[in-house]
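Notes follow once the structure below has been shown.
2 protein chains.
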Amino acid sequence: MTTSTRNRQWIYASRPDGAVGLEHFQLREAPLPAPGPGQALARVRAVSIDPAQRAWMMTKTYRPQLVPGELMPAFALAEVLESNAPGLKPGEIIEGDFGWQDYVVVTPERVQRRDAAKSIEHLMGVLHFTGLTAYFGMLEVGRPRPGETVVVSGAAGAVGSIAVQIAKIAGCRVVGIAGGAEKCRWLVQELGIDAAVDYKAGGLSEALAAACPDGVDVYFDNTGGEILETTLSLMNVHGRIACCGAVSQYDQGGWSTGPRGVPGVLIFKRIHMEGFLLTDFLKDRKVAEKALTNWLRSGKLKAPVEAVNGLENAPQALIDLLKGRNLGKMLVRVS
Amino acid sequence: MTTSTRNRQWIYASRPDGAVGLEHFQLREAPLPAPGPGQALARVRAVSIDPAQRAWMMTKTYRPQLVPGELMPAFALAEVLESNAPGLKPGEIIEGDFGWQDYVVVTPERVQRRDAAKSIEHLMGVLHFTGLTAYFGMLEVGRPRPGETVVVSGAAGAVGSIAVQIAKIAGCRVVGIAGGAEKCRWLVQELGIDAAVDYKAGGLSEALAAACPDGVDVYFDNTGGEILETTLSLMNVHGRIACCGAVSQYDQGGWSTGPRGVPGVLIFKRIHMEGFLLTDFLKDRKVAEKALTNWLRSGKLKAPVEAVNGLENAPQALIDLLKGRNLGKMLVRVS
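Protein chains in written order, with our numbering: chain A, 66 to 400; chain B, 66 to 400.
This is the structure:
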């Protein structure tokens, strides 16, 4: 592993009005940054590709709206190369918001050290934000009871593919919603869920009703929009909706109107609908990581990953993700 | 008090497409019903006028959709006149779904006995479903903490007028939303809340933001629609929305699209949105009644009632309620 003298950086260049495209990013070469006192230089190993990155462009979310000209932010894993920072040693794997770039200068407070014995795929997927989001969102917000029917939208995505499996482990009937027959087959055959519904095939309402003969007790929503509206109409009394993402909403100019039946159906059926972010659950991260690791070891949990090679391909990977072309967690291997 | 030989009954005659009008009801005279074995005859003292009655016409809710030709249902108070039922004695006050009529034949399982020493107004308002709904919805679903900002829409209505006062008792800054300057004045001057915003005056978003300089922690929603959408945008992180009613939606053909920002804003702000019905809390009714009674006695709680005289005026009372012409709980005194 040699160190370049240049640092490639993807700059967020302009705000998309509709679907994000390559023209909204610009590749810049900066000099290799030098760590100052108390800092470390790290080489980025992999960057995360997430629907949230599109939401950051669209509006203020849990972080300020992205401003054209800034480095494209991304959760990433990096390996410490040289360090003036107490507690960070060369060779250590660290995690943080390092952005789409080759190298990063960090301070210890802004990073988390990770177990270098684990694979980059696991550290960035099932044991990283998407796996933890699936864990806490399903178990702490959705709170499924054995025998209940759980529906997950975006079921073939990074969070969804873990969420459906956790609901199976919890003893539920699990129905995934995904786009395309191939994804649906994969969900049933590879991930072992009970049924999958292709929302692109038309007739979602009838197909979902047929897949959920006892109604829906827990809905883990990654999409918002029409899929949320349709699932809402099938919810059982005292059902729970865990609002995890709204990917149907991000690749457009702003929020659409919300689903019909909010709040009416929420009232008549006494539905609990809750938005959540992983940040509120991170104090319990170790508990979740232990459970996820055990399930991986025992073969109860698969951790599908779609890895793209080369930092230069990061924008296309995000475009593909937003078009739903991935199965499982999407990441870009940088080095 | 003499007993007529005729029983006037308001029949739900046809389904309104838009606003409900007098033409959707028909007054019928039936013979005075006779109580069979195990039954009692009671004279209706007062019938409740509720927004939910409009919702029952519109769609299946927690009860089947109303069918033209049936007696217009209504929660009511009645006095037992003669009884073949064990446990029901002449002179006792009973509560149940007796409908808009002069007399009713009941069986003991379908009624609750009430304290005849209490006023009809209290038994039908603050100590009946609307007061209990305000109590449980605010304290168990909204869960305000002292110092938080609580917003209540439909604040001058039967549930809202009690809910705002309970939030004041709980130590919150309380902002009511109501239609018209007169109601807003009344809310501040008579019920002692901190601010009131007239949604009919225009500029709701700016006015509400000004009334809630620290944002909104709890929103008790009686209206749905645009008011919900506007308040949602002012919610604080970890805010709670108690969905109690959707009166903006009932007097029309069906559900409108939902508020923008569902689920997006719910996620970014980790908002908990929950629909509720009183039925789920009735096991704790005595606790609530005791608290409400104590607050009434100590003068901390006022129980505004708009009482209309005469069963013949029940349809107009419902029309007026849906137009927002009442302050507090609306009822019709029948005898």
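A virtual CB, placed ideally from N, CA and C, is assigned to each residue, including glycine.
Bear in mind the structure is a predicted one, so any value in this text is a computation, not a measurement.
Contact under 7 Å by Cβ, residue i with residue j
{"i": "residue 217 of chain A", "j": "residue 228 of chain A", "result": "yes"}
{"i": "residue 179 of chain A", "j": "residue 320 of chain B", "result": "no"}
{"i": "residue 393 of chain A", "j": "residue 226 of chain A", "result": "yes"}
{"i": "residue 368 of chain B", "j": "residue 191 of chain B", "result": "yes"}
{"i": "residue 110 of chain A", "j": "residue 144 of chain A", "result": "yes"}
{"i": "residue 339 of chain A", "j": "residue 206 of chain A", "result": "yes"}
{"i": "residue 75 of chain A", "j": "residue 137 of chain A", "result": "yes"}
{"i": "residue 100 of chain B", "j": "residue 176 of chain B", "result": "no"}
{"i": "residue 73 of chain B", "j": "residue 383 of chain B", "result": "no"}
{"i": "residue 168 of chain A", "j": "residue 273 of chain A", "result": "no"}
{"i": "residue 331 of chain A", "j": "residue 277 of chain B", "result": "no"}
{"i": "residue 214 of chain B", "j": "residue 281 of chain B", "result": "yes"}
{"i": "residue 357 of chain A", "j": "residue 196 of chain A", "result": "yes"}
{"i": "residue 379 of chain A", "j": "residue 165 of chain A", "result": "yes"}
{"i": "residue 327 of chain A", "j": "residue 329 of chain B", "result": "no"}
{"i": "residue 223 of chain B", "j": "residue 243 of chain B", "result": "no"}
{"i": "residue 211 of chain B", "j": "residue 232 of chain B", "result": "no"}
{"i": "residue 312 of chain B", "j": "residue 288 of chain B", "result": "yes"}
{"i": "residue 93 of chain A", "j": "residue 400 of chain A", "result": "no"}
{"i": "residue 370 of chain A", "j": "residue 186 of chain A", "result": "yes"}
{"i": "residue 316 of chain A", "j": "residue 119 of chain A", "result": "yes"}
{"i": "residue 364 of chain B", "j": "residue 336 of chain B", "result": "no"}
{"i": "residue 259 of chain A", "j": "residue 238 of chain A", "result": "yes"}
{"i": "residue 127 of chain B", "j": "residue 353 of chain B", "result": "no"}
{"i": "residue 386 of chain A", "j": "residue 114 of chain A", "result": "yes"}
{"i": "residue 188 of chain A", "j": "residue 146 of chain A", "result": "no"}
{"i": "residue 310 of chain B", "j": "residue 116 of chain B", "result": "yes"}
{"i": "residue 90 of chain A", "j": "residue 140 of chain A", "result": "no"}
{"i": "residue 172 of chain A", "j": "residue 104 of chain A", "result": "yes"}
{"i": "residue 334 of chain A", "j": "residue 302 of chain A", "result": "yes"}
{"i": "residue 230 of chain A", "j": "residue 204 of chain A", "result": "no"}
Bridge partners - residue i, DSSP secondary structure assignment
{"i": "residue 96 of chain A", "result": "A/71"}
{"i": "residue 394 of chain A", "result": "A/370"}
{"i": "residue 300 of chain A", "result": "A/281"}
{"i": "residue 234 of chain B", "result": "Answer is none; residue 234 of chain B lacks a bridge partner."}
{"i": "residue 323 of chain A", "result": "B/323"}
{"i": "residue 206 of chain B", "result": "None, per the DSSP bridge assignment."}
{"i": "residue 26 of chain A", "result": "Residue numbering for chain A in the displayed model covers 66 to 400; residue 26 of chain A lies beyond these limits and cannot be assessed."}
{"i": "residue 240 of chain B", "result": "B/216, B/260"}
Helix, strand or coil at residue i according to DSSP, with G and I counted as helix
{"i": "residue 370 of chain B", "result": "strand"}
{"i": "residue 214 of chain B", "result": "strand"}
{"i": "residue 337 of chain B", "result": "strand"}
{"i": "residue 83 of chain B", "result": "coil"}
{"i": "residue 308 of chain A", "result": "strand"}
{"i": "residue 225 of chain B", "result": "helix"}
{"i": "residue 317 of chain A", "result": "coil"}
{"i": "residue 193 of chain B", "result": "coil"}
{"i": "residue 400 of chain B", "result": "coil"}
{"i": "residue 380 of chain A", "result": "helix"}
{"i": "residue 329 of chain A", "result": "helix"}
{"i": "residue 248 of chain A", "result": "helix"}
{"i": "residue 182 of chain A", "result": "coil"}
{"i": "residue 342 of chain B", "result": "coil"}
{"i": "residue 388 of chain A", "result": "coil"}
{"i": "residue 365 of chain A", "result": "coil"}
Closer than 7 Å to chain C by CB, residue i
{"i": "residue 195 of chain A", "result": "Absent here is chain C; the protein component of the structure consists of chains A and B."}
Check: residue i C-beta below 6 Å from any heavy atom of the ligand NAP
{"i": "residue 238 of chain A", "result": "Although the ligand NAP was asked about, the structure shown includes no ligands whatsoever."}
- Query: Going along the chain, which residues of the region 204-236 of chain B sit with their C-beta nearer than 8 Å to a C-beta in chain A?
  - Reply: none
- Item | Segments of 4+ residues assigned as alpha helix (DSSP H) that fall wholly inside the region 98-179 of chain B | 116-123
- Task: Name, going along the chain, the residues of the region 99-133 of chain A whose beta-carbon falls closer than 7 Å to a beta-carbon of chain B.
- Result: 126, 127
- chain A contacts made by the region 329-362 of chain B, where a contact means CB separation under 9 Å: 329, 330, 331, 332, 333, 334, 335, 336, 337, 338, 339, 340, 341, 342, 344, 345
- Task: With 9 Å as the C-beta to C-beta threshold (strictly closer), list the residues of the region 302-317 of chain B near chain A in chain order.
- Result: 302, 303, 306, 308, 309, 310, 311, 314, 315
- For the region 256-291 of chain A, which segments carrying the beta strand (DSSP E) assignment without a break, of at least 3 residues, lie completely within its bounds, in sequence order? 260-263, 281-286
- Please list the residues of the region 279-296 of chain A that have a C-beta atom closer than 7 Å to any C-beta atom in chain B, keeping them in chain order. 286, 289, 293
- Message: Which residues of the region 253-273 of chain B have a Cβ closer than 8 Å to any Cβ of chain A? Give them in chain order.
- Response: none
- Message: Taking beta-carbon pairs under 9 Å, can you tell me which members of the region 70-90 of chain B lie near chain A?
- Response: none
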